[in-house]
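Working notes for the structure below.
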Amino acid sequence: MSVYTKTGDKGTTGLYTGQRVPKNSHRVKAYGTVDEISSALGMARAFCQNDEVKDIIFELQKNNNLLMADLASLDTEPMISDDHVARLEHIIDEVEAKLPPLKCFIISGESQGGACLDMARTITRRAERCVLDLAENELVYDSDRLYLNRLSDLCFVLMRLEENR
126 MSVYTKTGDK
136 GTTGLYTGQR
146 VPKNSHRVKA
156 YGTVDEISSA
166 LGMARAFCQN
176 DEVKDIIFEL
186 QKNNNLLMAD
196 LASLDTEPMI
206 SDDHVARLEH
216 IIDEVEAKLP
226 PLKCFIISGE
236 SQGGACLDMA
246 RTITRRAERC
256 VLDLAENELV
266 YDSDRLYLNR
276 LSDLCFVLMR
286 LEENR
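For what it's worth, our numbering labels the leading residue of the sequence shown as 126, then goes sequentially.
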């Protein structure tokens, strides 16, 4: 099977659930931006030195596939659940407990991995905005929105953990 199908040559793409939509639709922009998060996380994982951070990033990358499936699907049950959101909150709490209190703004870049995690954080914020745009006219599950919000927070604390060596 070839990597190209020619089915998108006229500006549409197929959703996970089979429907065709314009490639510039809010839905495609939303899951495409989550895909960018996954790429930034992959780059972070490649550069991070802290094995705990790398393991968490790998888990996030797998969950992002579920999130993309949610955003690329119509009329299905969500794959991202409240349990996924709670898991991110638990990880944030555990990581924050290992860090000194935050007393000032942080400028990333002390490490390549930390800088990549900060980039993932900002892409996550953009993805959140894209999902909110989508939600103005189409169904978006609350768990997906909450997951993105927690994911950006987690990227921030992981950046701090990676750069706190």
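Yeah, the Cβ is synthetic: ideal placement off N, Cα and C, and Gly gets one too.
| Query | Result |
| --- | --- |
| Residue of 136, 238, 194 minimising C-alpha distance to residue 174 | 238 |
| Simplified DSSP assignment, three categories, for residue 139 | strand |
| Pick from 143, 128, 142, 160 that is closest to residue 256, judged by C-alpha positions | 160 |
| Cβ pair residue 218, residue 233 closer than 8 Å | no |
| Presumed contact (8 Å Cβ cut-off) between residue 138 and residue 128, rounded CB distance | With a Cβ gap of about 14 Å, residue 138 and residue 128 do not count as contacting. |
| Cβ-based burial, residue 261 [other Cβ within 10 Å; buried from 16] | exposed |
| Whole-angstrom distance between residue 228 and residue 199, CA atom to CA atom | 44 Å |
| Length of the line joining the Cα atoms of residue 119 and residue 189 | The structure shown does not extend to residue 119, since the chain is modelled only from 126 to 290, so the question has no answer here. |
| One or two residues paired with residue 146 in a DSSP bridge | 138 |
| Run of the alpha helix (DSSP H) containing residue 213, from where it starts to where it stops | 207–222 |
| Top-ranked residue by Cα proximity to residue 215, from 282, 288, 253 | 282 |
| Residue range of the unbroken alpha helix (DSSP H) whose run includes residue 178 | 176–196 |
| Nearest candidate by alpha-carbon position, reference residue 202, set 171, 170, 264 | 264 |
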